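K.L.:
Residue numbers (the numbering used here): 21 to 406.
Heads up, the beta-carbon is just placed ideally off N, CA and C, and yes, glycines get one too.
This structure is a prediction, so every number in the text was calculated from the model and none was measured.
Got a structure for you, questions after.
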């Protein structure tokens, strides 16, 4: 789960990380009042959307007066920000953050994530702050510094000193840097983050280390432990179908194709998408109904798939282990009748109660194309859209 910059900064501040003074605004008038309340004579007006690259897309502007804040806010609020992170549909800006703009002496990058290849948290630093870290890694990999932390004892002061030294930070800022990284690590662990990023981390002219921007992502599987984090979820920033799928504990990700997929098991879902592409088709989604799907879940899954107007055919590919094929068949029949299904439907059932499931489909009088193998199912469904 992702949260907005203003929320990430509030969390970081609660852990003792220095951030510029700022306030959220929903209108140009609020933005102007926020600037006056914050004080100073130089502000940044920043679009609050779940995407990076906001500056290049026109979502970050500087202002020297409260009236300039008002004018910049009018330009940003309501804009549809489009870049490679938002996709062609873009993100509609409904909120802005007005912050003081500090006097920047130097910019750095600081991030933490779980390196699954070694099962350790890794601190990533770079003197190329303010740039996309992927671009830095591609164009100048020597500028990327990685420090892996042992699960126990985790972060220790010498890790922070090492990073500060390798970033060539002034020696008088080393202790501040160590304290900031220690705070970020506590936040990362205690809140079950999957990513904690400060880009840029800045050195100010006044000799402070500060988080100018902030990004936090959280492990969805751990949100039950953090109702305070879950309360920060902004469903307006998510695909509506993905939000609906989460209500039924379905794993759904929208894609760009026109063949809807419903599968049980992530591995089988990936293989199904691969074989569709192998036969010249394009999957419209990843949808894993899991091992304990009910008729209600299957019906909900069909509704979600069909709510995508690009879907021209559906492939259901079920391997019945824990999942029973007859339950899936009942769900398919129920959903098809309730929704007056009007796109071709190809079903391949295999495993527990597959005979009963196939018989139910055959007796349903619905126009369902049965397949015996994945290969056959992929051939059938791609022919339906040609």
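For residue 321 and residue 115, what's the separation of their Cα atoms in angstroms?
P.N.:
As a first step, residue 321 must be located in the chain shown, where it is residue number 301. As a first step, residue 115 must be located in the chain shown, where it is residue number 95. C-alpha separation (whole angstroms): 32 Å.
K.L.:
Go ahead and label residue 24 buried or exposed: buried means 16 or more other beta carbons lie within 10 angstroms of its beta carbon, across all protein chains shown.
P.N.:
Mapped onto the chain shown, residue 24 falls at position 4. Buried, because 16 or more other Cβ atoms sit within 10 Å of the Cβ of residue 24.
K.L.:
Just curious, the alpha helix (DSSP H) that residue 50 is in, first and last residue?
P.N.:
Stepping through the chain shown from its first residue, residue 50 is reached at position 30. Per DSSP, residue 50 belongs to the alpha helix (DSSP H) from 48 to 58.
K.L.:
Taking residue 336 as the reference, which of 251, 193, 296 has the closest Cα?
P.N.:
By one-based count along the chain shown, residue 336 stands at place 316. Among 251, 193, 296, the Cα nearest to that of residue 336 is on 296.
K.L.:
In this structure, how does DSSP classify residue 27 when only helix, strand and coil are distinguished?
P.N.:
The sequence position of residue 27 within the chain shown is 7, counting from 1. Residue 27 falls in the helix class under three-state DSSP.
K.L.:
Tell me whether residue 331 sits in a helix, a strand or coil according to DSSP, three-state version.
P.N.:
Residue numbering aside, residue 331 sits at position 311 when the chain shown is read from its first letter. Correct three-state label for residue 331: coil.
K.L.:
For residue 142 versus residue 133, is the C-beta distance shorter than 9 Å?
P.N.:
Within the chain shown, numbered from 1, the residue matching residue 142 stands at position 122. Within the chain shown, numbered from 1, the residue matching residue 133 stands at position 113. It is a contact, given that the beta carbons lie within the stated cut-off.
K.L.:
Since residue 230 sits in a beta bridge, which residues does DSSP pair it with?
P.N.:
Counted from its first residue, the chain shown places residue 230 at position 210. DSSP lists 222 as partners of residue 230.
K.L.:
Evaluate residue 85 with the Cβ neighbour count: other Cβ atoms within 10 Å of its Cβ, from every protein chain shown; 16 or more gives buried, anything less gives exposed.
P.N.:
Within the chain shown, numbered from 1, the residue matching residue 85 stands at position 65. Its Cβ having fewer than 16 others within 10 Å, residue 85 is exposed.
K.L.:
Closest by CA to residue 164, which one among 172, 171, 155?
P.N.:
Stepping through the chain shown from its first residue, residue 164 is reached at position 144. Answer by Cα proximity: 155.
K.L.:
Assuming the contact rule is C-beta atoms closer than 8 Å, residue 343 and residue 284 should be a hit. Round their C-beta distance to whole Å, please.
P.N.:
For the purposes of this step, residue 343 is taken as residue 323 along the chain shown, with counting starting at 1. For the purposes of this step, residue 284 is taken as residue 264 along the chain shown, with counting starting at 1. Going by Cβ atoms, the distance from residue 343 to residue 284 rounds to 5 Å, so yes, they are a contact pair.
K.L.:
With a threshold of 6 Å on Cβ separation, who are the neighbours of residue 36 within its own chain once the five nearest residues in sequence on each side are excluded?
P.N.:
By one-based count along the chain shown, residue 36 stands at place 16. Same-chain partners within the cutoff: 203.
K.L.:
Opposite residue 213 in the DSSP bridges: which residues?
P.N.:
Working through the chain shown from its first residue, we reach residue 213 at position 193. Residue 213 is bridged to 238.
K.L.:
Flag this pair as yes or no: are the beta carbons of residue 327 and residue 260 separated by less than 9 Å?
P.N.:
Within the chain shown, residue 327 is the residue found at index 307, counting from 1. Within the chain shown, residue 260 is the residue found at index 240, counting from 1. Yes; because the gap between Cβ atoms is below 9 Å, this pair is in contact.
K.L.:
If residue 51 and residue 89 are in contact, beta carbons under 8 Å, what's the gap, nearest whole angstrom?
P.N.:
What you label residue 51 is simply residue 31 of the chain shown in a count that begins at 1. What you label residue 89 is simply residue 69 of the chain shown in a count that begins at 1. Right, their Cβ atoms sit about 5 Å apart.
K.L.:
Do you know offhand how far residue 58's Cα is from residue 34's?
P.N.:
Here residue 58 is taken as the residue at index 38 of the chain shown, counted from 1. Here residue 34 is taken as the residue at index 14 of the chain shown, counted from 1. Rounded to the nearest angstrom, the two C-alpha atoms are 19 Å apart.
K.L.:
For residue 138 and residue 174, which I take to be in contact (beta-carbon distance under 8 Å), what is that distance rounded to the nearest angstrom?
P.N.:
By one-based count along the chain shown, residue 138 stands at place 118. By one-based count along the chain shown, residue 174 stands at place 154. 15 Å between Cβ atoms; not a contact.
K.L.:
Output the boundary residues of the alpha helix (DSSP H) element that contains residue 181.
P.N.:
To locate residue 181, count along the chain shown from 1; it is residue 161. Start and end: 177 to 186.
K.L.:
Using DSSP with H/G/I as helix, E/B as strand and the rest coil, what is residue 85?
P.N.:
For the purposes of this step, residue 85 is taken as residue 65 along the chain shown, with counting starting at 1. Coil at residue 85, not helix or strand.
K.L.:
For residue 255, does the count of other Cβ atoms within 10 angstroms reach 16, so buried, or fall short, so exposed?
P.N.:
Within the chain shown, numbered from 1, the residue matching residue 255 stands at position 235. Flag for residue 255 reads exposed.
K.L.:
Should residue 244 go down as buried or exposed, given a rule of 16 or more other Cβ atoms within 10 Å for buried?
P.N.:
In the chain shown, counting from the first residue as 1, residue 244 sits at position 224. Looking at its Cβ environment, which holds fewer than 16 other Cβ atoms inside 10 Å, residue 244 is exposed.
K.L.:
Taking the C-alpha atoms as reference points, what is the distance between residue 44 and residue 108?
P.N.:
Mapped onto the chain shown, residue 44 falls at position 24. Mapped onto the chain shown, residue 108 falls at position 88. Between residue 44 and residue 108, the C-alpha separation is close to 27 Å.
K.L.:
Put residue 344 into one of helix, strand or coil per three-state DSSP.
P.N.:
Position 324 of the chain shown, counting from 1, holds the residue named residue 344. In the structure shown, residue 344 sits in coil (DSSP, three-state: anything other than H, G, I, E or B).
K.L.:
So the candidates are 346, 360, 217; which of them puts its Cα closest to the Cα of residue 32?
P.N.:
Locating residue 32 in the chain shown gives position 12, counting from the first residue. Of 346, 360, 217, the residue nearest in Cα terms is 217.
K.L.:
Contact defined as beta carbons within less than 8 Å: I believe residue 64 pairs with residue 121. What is the distance between those atoms, to the nearest angstrom?
P.N.:
Within the chain shown, numbered from 1, the residue matching residue 64 stands at position 44. Within the chain shown, numbered from 1, the residue matching residue 121 stands at position 101. Confirmed, about 5 Å.
K.L.:
Would you check if there are 3 or more beta carbon pairs closer than 8 Å linking the stretch 270 to 278 to the stretch 235 to 243?
P.N.:
With the cut-off at 8 Å, the stretch 270 to 278 and the stretch 235 to 243 do not touch.
K.L.:
Is it right to say residue 394 is buried, meaning 16 or more other beta carbons lie within 10 angstroms of its own, or is it exposed?
P.N.:
One-based indexing of the chain shown puts residue 394 at position 374. The residue in question, residue 394, is buried, as its Cβ has 16 or more Cβ neighbours within 10 Å.
K.L.:
Using only CA atoms, which one of 192, 111, 369 lies nearest to residue 341?
P.N.:
Translated into positions along the chain shown, residue 341 becomes position 321. If we check each option's Cα against that of residue 341, 369 comes out closest.
K.L.:
What is the rounded straight-line gap between the Cα of residue 429 and the Cα of residue 176?
P.N.:
A question about residue 429 goes unanswered here, because the residues of the chain that appear run from 21 up to 406.
K.L.:
Going by DSSP, what residues sit across from residue 129 in a beta bridge?
P.N.:
Translated into positions along the chain shown, residue 129 becomes position 109. BP columns for residue 129 point to 146.
K.L.:
Counting Cβ pairs closer than 8 Å, one from the stretch 342 to 359 and one from the stretch 289 to 303, do we hit at least three?
P.N.:
Result no; under three Cβ-Cβ pairs closer than 8 Å.
K.L.:
How close, in whole Å, do the beta carbons of residue 231 and residue 39 come, if the pair is a contact with beta carbons under 8 Å?
P.N.:
In the chain shown, the residue the question calls residue 231 occupies position 211. In the chain shown, the residue the question calls residue 39 occupies position 19. Indeed they touch by this definition, with Cβ atoms about 5 Å apart.
K.L.:
Look at the alpha carbon of residue 329 and the alpha carbon of residue 346, and state the distance between them as a whole number of angstroms.
P.N.:
By one-based count along the chain shown, residue 329 stands at place 309. By one-based count along the chain shown, residue 346 stands at place 326. So the two alpha carbons sit approximately 28 Å from each other.
K.L.:
Answer yes or no: does any C-beta atom of chain B fall closer than 9 Å to that of residue 340?
P.N.:
Absent from the structure is chain B; it holds one protein chain and no more.
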